[in-house]
Structure formats: C-alpha cells, structure tokens
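J.:
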Amino acid sequence: MLKSQSYNLAIELLRAASTPYGFVAAVHEHDNYKRVWTRDGVITSIAALLSGEDTLIHTAKITIETLFNKQNKNGFMPSNVSPIDGTASYGGTTGRADNPSWAVIGLACYTILTRDNSLWDKYKSEVDKCFSVLECWEYNGKHLVYVPQSGDWADEYIQHGYILFDQLLRLWALRLASKVSNKQEWKDKAMLITNSIESNYWKYNEQKNAYAGNLLHQLKDASTHYWLMGFNPARIYKYFDLQANTFCLLLGIGSDDQKNNVLAYIKNLYEEKRSMLPSFYPTIEETDVDMHELVNNHAYGFRNKPGYFHNGGLWAVWNGWLVAALNLSGEADLAKTLLAEINEANKKDDAFNECLHGSTKNPCGVPNCTWSAAGAIIGEQAFINRDFNKILSFN
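Numbered by this note's numbering, the letters in the sequence shown go through residues -14 to 380 in order.
1) Check whether the Cβ atoms of Gly7 and Leu35 lie closer than 9 Å to each other.
2) For Phe150, report the span of its beta strand (DSSP E) as first-last.
3) Quick check: what's the CA-CA separation for Ile69 versus Cys340?
4) Provide the residue span of the beta strand (DSSP E) that contains Ile(-4), from first to last.
5) What is the DSSP secondary structure of Ile69, counted as helix, strand or coil?
6) CB-CB under 6 Å to Ser3, same chain, minus the five flanking residues each way: which ones, in chain order?
7) Using 9 Å as the limit for Cβ to Cβ distance, is Thr40 near chain B?
8) Name the DSSP beta bridge partners of Tyr396, please?
9) With respect to the beta strand (DSSP E) encompassing Phe216, which residues constitute its N-terminal and C-terminal limits?
10) In chain order, what residues of the same chain have a beta carbon less than 6 Å from the beta carbon of Trp300, not counting five sequence neighbours either side?
11) Which of helix, strand or coil does DSSP assign to Leu341?
12) Residues in the same chain with beta-carbon distance under 7 Å from Gly343, minus the five sequence neighbours each way, listed in chain order, please.
13) Starting from Ile376, follow the alpha helix (DSSP H) in both directions and report where the run begins and ends.
14) With DSSP as the reference, label Thr231 as helix, strand or coil.
15) Under 8 Å: do the segment 80 to 98 and the segment 149 to 157 share three or more Cβ pairs, one atom per stretch?
16) Could you tell me the alpha carbon to alpha carbon distance between Ala101 and Glu50, rounded to whole angstroms?
17) According to DSSP, simplified to helix, strand and coil, what is Cys121?
18) Could you check the C-alpha separation between Thr209 and Arg220 for me, to the nearest Å?
19) Ignore the nearest five residues each way along the sequence and tell me which others in Asn380's own chain have a CB closer than 6 Å to its CB.
20) Buried or exposed: Ile(-4), going by 16 or more other Cβ atoms within 10 Å of its Cβ?
21) Could you give the distance in angstroms between the alpha-carbon of Val280 and the alpha-carbon of Ser103?
22) Can you pull the DSSP bridge partners for Phe53?
23) Do Ser67 and the ligand FAD come close, with the Cβ less than 8 Å from some heavy atom?
24) Could you compute how far the alpha carbon of Glu396 sits from the alpha carbon of Ile369?
25) Any idea which residues DSSP pairs Cys354 with across the strands?
26) Just confirm the distance between the C-beta atoms of Leu149 and Asp206, as a whole number of angstroms; I'd bet it's less than 8 Å.
27) Hey, how far is the Cα of Arg20 from the Cα of Ser378?
28) Is it true that the CB of Ser64 sits closer than 9 Å to the CB of Trp22?
29) My understanding is that Met261 touches Glu365, with C-beta atoms under 8 Å, so please give their C-beta distance in whole angstroms.
30) What would DSSP say about Asp226, mapped onto helix, strand or coil?
31) Rounded to a whole number of angstroms, what is the C-alpha to C-alpha distance between Asn374 and Leu(-2)?
32) Taking only three categories from DSSP, how would you classify Phe368?
33) Nearest to Val112 by alpha carbon, out of Gly60, Tyr95, Val66, Lys127?
34) Out of curiosity, what's the CA-to-CA distance linking Gly76 and Asp273?
35) On the DSSP bridge list, what partners appear for Trp22?
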C-alpha cells in the first residue's frame, strides 16, 4: 500500500506544528490550541514515531521531555505547555485524569519504537508518580479510576465517573511500561484492571463480580452490541463510545463473541453513516434530558449542538485509530474505506479540521489540527508498518 498524497500533506502539517517545545495542537492560535498538550502531543508523537521521519521523531522526543519536565510534584501531568515561555496549565474547572496515562504511553512508545532507553531512564521516577496518582484516583482500591466531568479528551461532554476509555488508557500505559521494564507489579495491576473492565462494562445474563450494587439494576438497560461507555453511582452511560470500543479491539479486551458483536455494530453504523464514525452515538438532541447537562459545560462558547463537536461530531484522530483496529481485526476492506473517508475529510475547506459535523460533514472545529493529521498517519501506518504491533502486542 503506497503512501497517499493526503498522507504526505499530513506529514507536512506535523512539520509545521513542530516547535522547540514539541508538537503544538494546531498551527494557528485558537482557543489555546497553539500549545503542547499532553494527549494531542502524545498521539501526534506516536504518528511521528511510526512515520520513521527523523526530524519528526526528534520533535516527538522533545514533546515527551516538555511534558515530563512539567509534571506536578504529586504526579499529575500538565494539560498543556506554552511553546513561548514554557508555562504549564494543569486543567480548567477540573484536572485531566487521562494525562498521566497518555504521558506514560508516549514515553513507552518512544522507547519501544526507537530502542532508545535514554528518556525512560531519565523519567523512571516520573513514571512511578503517574501510576501512583492514578492509584490514588481510584479512591477505593478497586482498580478503576474515577474521572471528573471535563476530566478527559471529551471535556465538554456529559460523562463523569468510571469512564471506560480512561481505564483502557491506564491499562495500555501499564502494559507498555511493563514491557519496557519487565516490572511484575505493573503486569499484575494491568491484569486486575482487565478483569474489572471485562466484568463491569458489558451486559451479561448474570452479572458477576459487579463493581457496585447499582450496576446490577442499571446494566439491564445497557446494549449487548458494544462496551459500556461508563457508569457512576447515579447512572450508566448508554451511548456508543467510539474511542473505548476501538481501544477494546486494539487491546484485545473481551471474548471473540464480544469482539464480533462490536465489529458488527461498527459495520452497521458505517452502513448507516457512510462517513467517518461519530465519537459518541446517538447524538443528544435539543429535547433530550442529557441536553440540560450538556448545554452549560463549555469554556469558550457552546459547541455541542446536535451534530457538532463531541455531540455527534466526526473526528479524524479517533477514526484513524479505528482504521488500525479494523485492520488488526481482519476487516481490512472497511479499514481502507474508512481511511479514504479520513483523507477526504482532511482535504475539506479548513484543512485538517479537528472535526466534521455529523450530518452535513462540513468542518466545524479548529483548522490545521495536528491530531487530525496524526489520525491519517496512524491509519495508513497500520497497513504498512510492521512495528505497529510492538506498541499493542504484549506477549
């Protein structure tokens, strides 16, 4: 499979987003995007590492150093760092519960893919702090992190509590870190988290080892077609979470039957949409109860109208990971079709826009976003790069 013109344009955007502090989230200033963000920077760095481009790999290294150099003494990681003066922000109304995991993922991916242990040796104590603060955020020692509202990438959406995607990121970080260090403690913790995920985020005929009593009656309303988005003491979130289900496929969570159910749901959703898939589905409409919670959660202005942003928007970055998951799951034809959708989306008027409207397919976010380019690179590398499995296989 040859690298496409769209792929080469994505590489050029990563070059344009390279600064002495690392990759910024967007090449033009808009709502604080022209900063080095932990999650955006790590995902872009993974794309850079997979690309094999020496200058981009160097920027990935700098990105990881910038983030770990700004770690708080208690272990949490910066939301973003200014490429102008190096000042760090650690979140807005709440901190970012996903960032310690993303930081370790980035560092471990760099170490595995470059075979350069210098950064890992430099930041061993910082990695310990990342895992320590995540352990604290369990609050009860039961192996799942409690995520505050606005505490992960979908920071203007409705979810809070034991959100599956954040558990998967922590699991991935532990697996990668144990692969680099061969530390048994991290292997054991990863297994405990895996068991808790598989016991609590799927609707079974008989729920065993339930995390809490409320799940026993709440899960009766869950889908049997995909993994549960999350839960808290008051409710479950029944929406399809593209990110969580993608990473369940990538990380080998669940049985073959569960994997096949998820793949069937994704294929049916693609047949319905004929486009990139929405990050959360179905869309929350104006008359839905959840709109009351959604409408007030924003920093710069309300962006989550139906079909926009997190609320039914189409994100190239997460669809890029989905391409990888589909290809690794034996669905190469759909993976190639979806990659073509990503490349088409990235060519639209505001090139490499962070998201498209779920219905009109028009750009509706910030243009020239590096992780939209990263999604295209990751998707294409999943077909051609033998090293891709090194960051997902843990045997």
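Don't be surprised by glycine CBs; every beta carbon is placed ideally from N, CA and C. These figures come from a predicted structure and were not determined experimentally.
T.: Quick look at the numbers:
1) no
2) Element bounds for Phe150: not the beta strand (DSSP E) but the alpha helix (DSSP H), 149 to 166.
3) 27 Å
4) No beta strand (DSSP E) holds Ile(-4); the alpha helix (DSSP H) holding it covers -10 to 1.
5) coil
6) Thr44
7) The structure shown contains no chain B, having only a single protein chain.
8) What the structure shows of the chain is the stretch from -14 to 380, and residue 396 is not part of that stretch, so it cannot be assessed.
9) 215 to 217
10) Ser264, Cys340
11) Correct three-state label for Leu341: strand.
12) Cβ contact annotation for Gly343 (same chain, cutoff 7 Å, sequence separation greater than five): Pro263, Thr268, Gly292, Gly297, Gly298, Leu299, in chain order.
13) Where Ile376 is concerned, there is no enclosing alpha helix (DSSP H), given that its DSSP letter is neither H nor E.
14) Looking at Thr231 - three-state DSSP - the assignment turns out to be helix.
15) yes
16) For clarity, residue 101 is Asp in the given sequence; the question names Ala instead. Those two C-alpha atoms are separated by around 14 Å.
17) helix
18) C-alpha of Thr209 to C-alpha of Arg220: approximately 17 Å in a straight line.
19) Only weak support exists for where Asn380 lies, its pLDDT of 48 falling under 50; the coordinates are left without a value.
20) Counting Cβ neighbours within 10 Å, Ile(-4) comes out buried, since at least 16 surround it.
21) 46 Å
22) Per DSSP, none; premise fails for Phe53.
23) No copy of the ligand FAD occurs in the structure displayed, which carries no ligand at all.
24) Because the chain spans -14 through 380 in this model, residue 396 falls outside it and cannot be assessed.
25) Ala11
26) Actually they are not in contact, since the Cβ atoms of Leu149 and Asp206 sit about 16 Å apart, beyond 8 Å.
27) 32 Å
28) yes
29) Not really, about 15 Å apart at Cβ, beyond 8 Å.
30) Here DSSP, grouped into helix, strand and coil, assigns Asp226 to strand.
31) C-alpha separation (whole angstroms): 25 Å.
32) helix
33) Gly60
34) 29 Å
35) Looking at the DSSP output, Trp22 bridges to Asn65.
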